[in-house]
Each structure stands twice: as structure tokens, then as C-alpha cells.
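Structure record follows, encoded as C-alpha cells.
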Amino acid sequence: MNSPDPDIATVQDPIRVVEPAPQASPPPDADLRDPSLYFNRELSWLDFNDRVLQLAEDTAQPLMERVKFAAIWTSNLDEFFMIRVAGVHDQIDAGLTEPGADGLTPSQTLDAIRERVAGQQDRLEDCLASDLRPALAEHGVRIVGMADVADEDRRALAARFRRQIFPVLTPLAVGLGRPFPYISNLSLSLAVLVRDPVNAHETFARVKVPKEMLPRFVALDGDDHTFVALEEVIAANLEALFPGMEILGHGFFRVTRDADFEVSDEADDLLSAVEAELRRRRFGEAVRLEIAHGTDPGVREQLTQALGLEARQVYDIDGLLDTEDLWQLVRLPGFGELREQPWTPVTQPRLHGEDGEHVDVMAEMRRGDILVHHPYDSFATSVERFVEQAVADPDVLAIKQTVYRTSDDSPLVPALIRATERGKQAVCLVELKARFDERANITWARALEEAGVHVVYGHPALKTHAKAVLVVRREGDGVRHYVHIGTGNYHPTTARLYTDFGLFTVDEQIGADVADMFNFLTGLARPLRFHKVLIAPTGLREGIIAEIERTIACHERGEPARITMKLNALVDRRCIRALYRASRAGVPVELNIRGICCLRPGVPGVSENIRVVSVLGRFLEHSRVFAFQRDGETKVLIGSADLMPRNLDTRVELLAPVEDDTLRDDVLDTLERSLADDTGAWELDGEGHWVKRQTGAEARSVQRELMLGHAARASEAPQAD
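Here is the structure:
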């Protein structure tokens, strides 16, 4: 008997594994555990962020879009350090020296991270200094230093400093009775070295740049498009903060801290436990120090020691720190010629109304399944209208919804409050542990509870990542389930920026499965099996591997077979080994992976039949699609799960089949367009290099093609309000 797979984290859970498929006879896969067959997860993520950086460097992109990608590169990297790099440090602190699946130890991984991040940082600084800032200046948008400001403007900035900036500054000196100040996560600061001319005593002081309250870039009087960085305005007026002292020097720096946390599996009150961990998050260990190039070595040493950092955790920045704030320039009004052409989502054709009237969404669902694809299809005229109609319908008895991330202005959560006020059963499963949205979700949860909505927080050991709305409607002498299953969050803002599929269905078996999932999450249900959907944490991995094995068996019978997937990340080793077995058997495997890919393609005898493509563009590719071609047809699943251990072992995830022939063809068409993209696509080679595809004679862009297609389809019917 084979021993338990060490790649699996065991979670006790009532959801039963799906029945296994008949197994093909793959060769023994002991050699498929060879570390050379796996890319390092952290380094693969950095390769993804490198592709984002390449978009900032790409002169074919509109200028403001390039600036946007520069800001995104920074925000992505911040989260990477707060979560992933912090986790590597935890492994080192715990004394772990064993190599991972890719053969690297935690310390080796950390060194490799530093090398790649430093190289990318150098490229970003060069791109900003020699390309983006000069190009913006040509169009009248300038970021200038204080040395480049005319005397009149300098006096105006000094007056503004006294009036608006000085009152919110708090210099904190270090010395006798004054310990080194706490420096909050991601805060931008000035390190100032001052000397008392009376006793010649030198002191270090920290001044936080208050960019949470004031714009990072300060516009000159009478010129809304010429800016000076806020920290430079402060630096030019340090005498006002330290009157009577001699300013010996200053430097800019920024600290990144561990922002991850764990909640005990045995927490009695999950909401209180999450709130307590959020308070502790502020005091996480420092994992990175960014410091302006040329800062006094003594100041650098004092910061490094006070924060308890190693030399490999310190990054010199030659230019602007925290370039995420470039969003301020991206959001400047006007400059349409420097941006992508605006896109307005259209109403899905079956949801068009005559003369602008609203369509009965549930009546359309009874006629057949409906597929929407955001942001090409409107979120407001599909998902929001579905929930609003359910709230208003007197025959609707219950509305149940999962909330992982949502926005402050989302109409969906208030709709549940209105449903409760109308006497319906409203249930909202709020995931309190949605990273960096914990506070927002706590606020929503309390508002819902106060209104009488049944609020459930899930299990402490699991994150509920599934995306589903269940509407229970009285019809005849029974009820019917109306279900929406999505690949993305119920978040109207990101629905305009992320590509996600949504399936509306009244399929009885899918409805029963989703109802069972909600009962498991809210009560003590123990479903024995699911009819059509795959559910994590204990059934989804096995279900996907079973589909792969069925496809292998089909190919070995001499029938056409193919596997295609569209994911954000592919990390799980058992799933990767199954794909390797498919490749060995001769099954073509084509993967569209936006971000992390630990699978190594193109290895002779292992993965020569696997192709990996990544597509980036104006929209964030976010949908998850699994397609298995065999027996003359293709099985398609969509849902919330990536193939990562965290999704498969410690999250509640949901995949559902798309069974309508026309809708299935629409999903497959998107997959094929993604694989054929040569405008914003990279291909992964066997050495781990992501090679940008060269645009052919007829340029292919999946996002452009889908926008054109949806616009043309929508123009055939009048738009609903």
C-alpha cells in the first residue's frame, strides 16, 4: 500500500470525496517527485510580477497604462513581502533547513528572492527616470525635485507646508528615555540626523510622511500638473520641526512588516479572534527596509539594528520610494489620448429588455442556463438585478450568499437587509479571514446582524472562498432553487476590472448541491456526496485528478483527448504529477496560467506535451476554467478554485459544470482565444523563462476580441437600464 502523500494537509471535514474514476495505467511516478521538475513557488510569483513590470516598460502600451502597471508592480510586491517573504522568514526562524519540492531551502529561497527583486527594482527605477517621467513631462505632467522649483513656487510650498503639512507632523527623537519609535507597516518616513549646537549631542529622529491624510504629490500653485513629492517638501522645511537644532542630514525609508496571521482552529468566537489578530498585525516583525540611496551610513545602520534586520533584507532605492502612489497621476482627469479606450460593460443579450424594461431574470433562467462574462457583460444588469428581483419577489422564501470580498458601495449586501425586512430568510456567509479585507467584512457582518440577517462566519480552519448565491422560490406545491455560481467575488468594482465567468442555473442537481454546501457551512450537515459540483477541501483535488485520469484512459483507447485549463496559479504537486502523467501518455495539455506556475513544461519524457501561456492586459485575468476533451465532447467546469494546496486543503471552494452546449462553446472559445493571444502573452519554457510572444501578421488579443464580440452582440438588441 502506498504511504500517504506528504503534499496533502489533512483537514477533518464532513464533505466526502467524489467517487474515483477508473484509473489508466500510468508508469510509476516516483521520478515525478524529482525537484528539478518543479519551479519554486515564490520565484515563480516574482516572474509574474516581472511580466507586470514588462508592461510598464512596453512602449506599445499607452503612457498612463504604463504608469498604472508601475504602481501595480509595487503594490503586488508589498503584499508578496508581507505574506510570502514573511512566511519564508518564519521557516528560517523555526530552524527549517530541508529543501522544498523544488530543491531550495528557505534560506536559499530568500537569497534568490533578494536577487530577483533587486534586479526588477533597478529596472523600475531606470524606467521611471529615463522613460516614464520624461514622457509624462512631454504631456505636461511633471514630478520635480525641490531643486528644480522656482523661488516663487518654493515660497508658496513653504507657506503651504506651514498651513497644511506642519500641523499633522510628529517628529520622534531617539535618545535617553526615548526608545526607538514604532514604525508602522508600509509607512514612508524621513530619518533625520540632528545636532544640538549647545552640547554637540547628535540625535536620530523619525518623521512620518502623512500620505494617508495628504496627497503624496503636492501640486504647485496655479499648476495642477506639476508636482513635488510630499517627503521632499517636508525635507526642505526640517528647520521648522527641529528649531534651534542643526540638521546634519536626512534620508527617506519605508518598512514592510509581516501582515499574515492565523486564527486558532478552536476559537470560540471567530469574529473576536480575527479582531484580536488584526490588532496584532500592526506589530508584525519587519521583513524589509527600503532606504533611499545615499542615506548616511550611520542612519542606515541604526535603522537596520533597531528593526532587527539582516543585510539581505535592506533594499537601496535610487529614486522614488513607494511608487504605488503613482496612481495619483494615473487618476488625473483628462489625458484620454494616453489611456486605453474606455470600455462600458454591456447587458447579456438574454437579459435585454424591450424598450429598456427590466427582464425577469428568473424567468429567463427557467428557459435555460445563462452565462455572463465580466467585465464584458455587466455585473449590474445580471448579478445585481438577479438579487434585487429575488428581494422583491413575494414568492422567494430565502436568499443565501457567500461574501469573500465586496466593496463599501455594493448593493448586494444591503439587498440582504431588505430581504430580511420583507420577511424572507436571508443568510450571508461572511469570510472574516479574507486577507486585507478583514476589517471591511467585520463592518458588513455587524451591519447585517443588526438588521436581522443570519450571518455565519464559517469554520476557523477553513476560508470560504466559494462564490455562490442561492435563491429558494416557492413554485406550485414545492420550491425551486435558482443559483448563481461565479469565478470571482461579488464586488461591483472589481467586476469591471477582472475577467470572471458567472453561471445562472435552475438545474435541480446543482441547486441541491449548492443548498447542501450552504447547510454544511451554516449548520451540522454532512452531505454524503454531491451530484454535479466539486467541493474543496476534500473532494475537489480528487475530482480534478479523476478527470485527468479519465482523459488519459480515453487517449489510450485511441480516441481524441485534450486537457485545457485557465487558472491564476498552479502549485499543487499531486495535480502537477497528474498532468505530467497525461503528458507522458501523449495527451496534449494546454495551460493558461496568469500567475504562479510550478510545473516545468517541455521536459523530454515528462512534459513535452504541455504548453503554458500567461496573458496579462488591461483587465486582470481571473476566471478559473477546467476543460477535458474526450469521447467526442468536452466537459467544462468553472468556479473559484486555483490548483494550490491552500485552495484544495484549507478553503471551501466550488466548481460547477457548464452543460449547455452553447454556453460551453462560449467558455471554450475564450480558452482558445487566450491560448492564441500574441499581444499580451508569454510562454513558459523548460528553463523557467517566460518568453514574450511576438505579434503575428494578424495580432491576436483575447481581451480586445472579447470586447469587440460582446459589443457587436449587444448592438443587436436595445440596452436595458
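Our numbering applies: residue 3 is where the sequence shown begins, and numbers increase by one.
The beta-carbon is built from N, C-alpha and C at its ideal position, and this holds for glycine as well.
Keep in mind that this is a model prediction, so the values were computed, not measured.
CB residue i to CB residue j, shorter than 8 Å?
i: residue 615; j: residue 683; result: yes
i: residue 617; j: residue 679; result: yes
i: residue 209; j: residue 220; result: no
i: residue 475; j: residue 395; result: yes
i: residue 487; j: residue 463; result: no
i: residue 552; j: residue 626; result: no
i: residue 569; j: residue 601; result: no
i: residue 319; j: residue 350; result: no
i: residue 87; j: residue 289; result: yes
i: residue 472; j: residue 485; result: yes
i: residue 249; j: residue 301; result: no
i: residue 253; j: residue 308; result: no
i: residue 1; j: residue 262; result: Because the chain is modelled from 3 through 723, residue 1 falls outside the range shown and cannot be assessed.
i: residue 572; j: residue 578; result: yes
i: residue 525; j: residue 483; result: no
i: residue 494; j: residue 381; result: yes
i: residue 65; j: residue 137; result: yes
i: residue 567; j: residue 520; result: no
i: residue 656; j: residue 676; result: no
i: residue 449; j: residue 426; result: no
i: residue 223; j: residue 155; result: yes
i: residue 243; j: residue 173; result: yes
Kindly indicate which three-state DSSP category residue i falls into: helix, strand or coil?
i: residue 311; result: coil
i: residue 241; result: helix
i: residue 290; result: strand
i: residue 567; result: strand
i: residue 93; result: helix
i: residue 343; result: coil
i: residue 715; result: helix
i: residue 615; result: strand
i: residue 375; result: strand
i: residue 380; result: coil
i: residue 465; result: strand
i: residue 258; result: strand
i: residue 193; result: strand
i: residue 456; result: strand
i: residue 134; result: helix
i: residue 144; result: strand
i: residue 42; result: coil
i: residue 597; result: strand
i: residue 184; result: coil
i: residue 427; result: strand
i: residue 198; result: coil
i: residue 436; result: Only weak support exists for where residue 436 lies, its pLDDT of 49 falling under 50; the coordinates are left without a value.
i: residue 57; result: helix
i: residue 306; result: helix
Assign residue i to buried or exposed, taking buried as 16 or more other Cβ atoms, counted over all protein chains shown, within 10 Å of its Cβ.
i: residue 696; result: exposed
i: residue 123; result: buried
i: residue 693; result: exposed
i: residue 24; result: Any reading at residue 24 must be qualified, since the residue scores a pLDDT of 49, below 50, and its modelled position is unreliable; the value itself is stated next. Classification for residue 24: exposed.
i: residue 539; result: buried
i: residue 61; result: exposed
i: residue 518; result: buried
i: residue 377; result: buried
i: residue 37; result: exposed
i: residue 624; result: buried
i: residue 717; result: exposed
i: residue 542; result: buried
i: residue 191; result: buried
i: residue 22; result: Residue placement at residue 22 is poorly supported in this model, since its pLDDT is 46, which falls under 50; the coordinates still yield a value, given next. Result: exposed.
Could you give the C-beta distance for residue i and residue j, rounded to a whole number, given that I count them as a contact under 8 Å?
i: residue 314; j: residue 98; result: Actually they are not in contact, since the Cβ atoms of residue 314 and residue 98 sit about 17 Å apart, beyond 8 Å.
i: residue 325; j: residue 72; result: 6 Å
i: residue 206; j: residue 193; result: 7 Å
i: residue 414; j: residue 383; result: Not confirmed; about 14 Å, so no contact.
i: residue 257; j: residue 291; result: 6 Å
i: residue 430; j: residue 46; result: Going by Cβ atoms, the distance from residue 430 to residue 46 rounds to 35 Å, so no, they are not a contact pair.
i: residue 639; j: residue 536; result: 7 Å
Measuring only from the beta carbon, is residue i closer than 7 Å to any heavy atom that is part of the ligand COA?
i: residue 65; result: No copy of the ligand COA appears in this structure; indeed no ligand is present at all.
Which complete alpha helix (DSSP H) runs does the region 631-713 hold, if anything under 4 residues is left out? With a minimum length of 4 residues, the unbroken runs of alpha helix (DSSP H) contained wholly in the region 631-713 fall at 647-651, 663-678.
Length at least 4, wholly inside the region 201-240: the alpha helix (DSSP H) runs in chain order: Whole alpha helix (DSSP H) segments, 4+ residues: 232-237.
At which residue ranges does the region 481-533 contain complete alpha helix (DSSP H) runs of 4 or more residues, listed in the order of the chain? The region 481-533 contains these whole alpha helix (DSSP H) runs: 510-524.
What runs of the alpha helix (DSSP H), each 4 residues or longer, lie entirely inside the region 66-127? Counting only runs that start and end inside the region 66-127, the alpha helix (DSSP H) elements of at least 4 residues fall at 88-95.
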